[in-house]
Each structure stands twice: as structure tokens, then as C-alpha cells.
DNA sequence: CTTAACTAGTTGAACCTTTAACCACCGTAC
DNA sequence: GTACGGTGGTTAAAGGTTCAACTAGTTAAG
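Below you can see the structure in the form of C-alpha cells.
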């Protein structure tokens, strides 16, 4: 039973349609990241998070960002980023340098090798995003979907720290 | 630059709207599971995956499932499930017994304590799902959203191994 | 009935993420 | 100028997940 059982007075349970939607979303929440990771790991030897770090740096002015900005743009904690950047630095794709304006801050800089890594990796990743997210929906559906996702994201992440938010 | 740079001939890049939708979705893919984990961890001391395991067992006939079925229903690998069930067994919420029909198989069974754990935990979890997913959308929007998610899930997981699929 | 191939599940090691503690620096107030 | 709360970042330890190897049982073929 579970979702349909005995405590209706305290918490309203989900009806059949709501539960079906939620089960699907829960599935997508697991399976889509896994699919993206699989492609990137197989074709480029990087995780999705590592790719996001490189990609956000590649979009930044001077290919440079503060660690904390980068963490937000890549949707990760500062600690996680610190570990990941250490690995990316060992692979020669990122360099760290102290920030001149603020002695506490560290700038992460994409190296030339890192830039080339992004250029080589992006097409396969974009193709995957296309085939799994963009192409299965019509343009109108995709726009509608983007709006709905935006509504939910605003609820989950009210501070609007995510890129792409309204 | 990144998504808009130089290789248009090989891979079609995302236009501004597509990219915005994708960035939002990528944000939701990170933030929503994190929010659910936070609530469950704080209020019940279990991860979302552990809760899913308990919940799926609570819905099953005899509160019993084969490990491999349970792994599919909970959207996890068999190895992951095996580790998690070991922990849940130590906490007294699940019991493992060899399957009579097939000597290779193992049945996971929800104990009485496990059942009570689900009953105590479900209301808070459902309330969180409501507040983050169900309530922010109108019923019509939610239904539409469920359809769109279903379309994407069918693409990501063509074998329909997820619960709630069309 | 014996071998081969496959399925179900477990396990240990490697790896990644989180948590909490920590250092260094900035800004403000006294 | 110096004491103090707050910010930016790193790190070690703990905990969870994945990967690959392994055991045991089943099924099919010869």
C-alpha cells in the first residue's frame, strides 16, 4: 500500500496520476544523469560534473572564474569542486592562481589543453543531450517543458543560484 | 563561448532557448534529489534510495521482493542494493531469505519494524514531494508535465524498467 | 549425466562525495 | 591598530557507490 495508506488526515497522499508522474520523474532523475555520465565517461573519460566545470570555464571571460562562482555554475559544493579541480589540474586542463583583488579567493583558469578538451568533448555531449532531451520533444513541447521545469526549480532552489533560471 | 563555437557542421549546437531549458533541467536533476535526501536524512535518518527500497517493499505482495526486482523498482544497480540491504538488515528493517523456487535468488522481506519505519517516514516525504513537485503546478500542468517526462523517460530508458512508465 | 553458458547475488577495492574542522584573509568597529 | 565576525578555500576522515571478480545455482546441449 504505502502511499495510499491510513494517515490521510495529517498528510494528503498522492492520487494515482500524481504518483505516476512522480514515479516517472524519480526515474528520470536517476536515469538521465546516469546516461550522460556514461557517454562522457566512455567517449571522453570525464564525469558529467567534470565536464560541466570545464564547460563553464570555457564560457567565462578569460576562461577564468572564482572557485565559488564556478561551484554555483556547475551545481556543486565548494568542497566537491575543490577536489575535482585538483584532479583536473593534475590532468593539465585547469590551473589555479590566487586572486589579486581578494587574497582569500582562488581563480580557476582553463588551460589551452583544457580548452581543446572541451572542444573535442562538446559535440558528443551535445549530441547526447539532443537525442535524449531536445529531439524527443517538439519545439513547442520543449518550450513548455522548460517553463514547467523552471517553475519547479524556482521552488527547489529559491535563491536562483542555478544558471538558466527565469 | 562553448556551446556556440566552431563545429556547427558536425554537431548542431543548442540555440538559446534550448540551452536555457537544458540548464534548468540540469539544475533540477541535481537540486531536487538533494532536497529530497536532505529532508529524509534530517527527519528520518535514511537516504532517498534507502527510503525507496523500504517503500517498494511495503507496496509488494507479502512485503517481499527478489533482490533483482527490487533493484529495478528502486532504480539502482544490484550491487548497490546488496550493500544497502545489508545496512537495512543491520538496522532491523529488512530480512533476507533464500528463495524456495530458485536457489540462486534471494528474497528481501520488510520486517514489522521496517513497516513501521515506512509508516512513520512516508508522511514527511510525501509532504516534501507535494511541496516541491505537485503543489507548484496546477493539476493540468502536472498532468502535462508527467506526459513530457514520460516521453523523455521512454527515450532514456527504452526497456521500461522504471516503475510508472507508460 | 556432464559440460557450457548464463543468471542471481555478494564482496572487496578503488573512487568520489560529504561532513566538519581548519587556515587565511577581509571588513568593520572600537 | 587590533579584535572580531564573516567569507573563500582546502583538507582529512567517514561514508556511499561503482567496478570487477567471484560463488553458486539453473538451463540447455550433446
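Protein chains in written order, with our numbering: chain A, 78 to 243; chain B, 78 to 243.
C-beta: ideal position from N, C-alpha, C; glycine also.
First and last residue of the uninterrupted beta strand (DSSP E) at residue i
i              : result
residue 143(B) : 141–143
Neighbouring residues, chain B, relative to residue i (Cβ below 8 Å)
i              : result
residue 112(A) : 233
residue 209(A) : 229, 232, 233
Segment limits, alpha helix (DSSP H) that includes residue i
i              : result
residue 215(B) : Run containing residue 215(B): none; DSSP gives neither H nor E here.
residue 103(B) : 93–121
residue 198(B) : 189–206
residue 133(B) : 125–136
Within chain A, partners of residue i - CB distance below 9 Å
i              : result
residue 191(B) : Correct list: empty, because the minimum Cβ distance to chain A is about 12 Å.
residue 187(B) : Within chain A, no residue comes near residue 187(B); the closest Cβ sits about 10 Å away, beyond 9 Å.
residue 170(B) : Result: empty, since nearest Cβ-Cβ is about 14 Å, beyond 9 Å.
Residue i - DSSP class collapsed to helix/strand/coil
i              : result
residue 174(A) : strand
residue 151(B) : coil
residue 220(A) : helix
residue 84(A)  : Here the model assigns residue 84(A) a pLDDT of 40, short of 50, so the residue's position is not dependable and the matter cannot be decided.
residue 185(B) : strand
residue 79(B)  : Interpretation of residue 79(B) is limited by its pLDDT of 38, a score under 50 that renders its predicted location unreliable; the figure taken from the coordinates is listed afterwards. In this structure, residue 79(B) counts as helix in the three-state DSSP scheme.
residue 180(B) : coil
residue 169(A) : coil
residue 236(B) : coil
Chain B residues whose Cβ lies nearer than 9 Å to that of residue i
i             : result
residue 94(A) : 216, 219, 220, 223
Assumed close pair residue i, residue j - CB separation to whole angstroms, cut-off 8 Å
i              : j              : result
residue 144(A) : residue 183(A) : 5 Å
residue 251(B) : residue 221(A) : The structure shown does not extend to residue 251(B), since chain B is modelled only from 78 to 243, so the question has no answer here.
residue 91(A)  : residue 214(B) : Incorrect: roughly 13 Å between the Cβ atoms, too far for contact.
residue 233(A) : residue 109(B) : 5 Å
residue 199(A) : residue 162(A) : 19 Å between Cβ atoms; not a contact.
residue 192(B) : residue 135(B) : 6 Å
residue 172(A) : residue 178(A) : Their Cβ separation, rounded to whole angstroms, is 18 Å, which puts residue 172(A) and residue 178(A) out of contact at 8 Å.
residue 188(A) : residue 116(A) : Rounded, the Cβ-Cβ distance is 24 Å, inconsistent with contact.
Near the ligand GTP: residue i beta-carbon under 7 Å from a heavy atom
i              : result
residue 223(A) : This structure lacks the ligand GTP; in fact it carries no ligand of any kind.
Beta-carbon neighbours of residue i, restricted to chain A and to distances below 8 Å
i              : result
residue 152(B) : 103, 104, 107, 108
residue 161(B) : Here the premise fails: no neighbours, minimum Cβ distance about 14 Å.
residue 91(B)  : 203, 206, 207, 211
Proximal chain A residues relative to residue i, where beta-carbon distance stays under 7 Å
i              : result
residue 138(B) : Within chain A, no residue comes near residue 138(B); the closest Cβ sits about 11 Å away, beyond 7 Å.
Chain B residues whose Cβ lies nearer than 7 Å to that of residue i
i              : result
residue 228(A) : 213, 214
Discussion item. At a CB distance below 7 Å, what residues from the stretch 116–149 of chain B approach chain A? Give them in sequence order.
Written reply: 132, 135, 136
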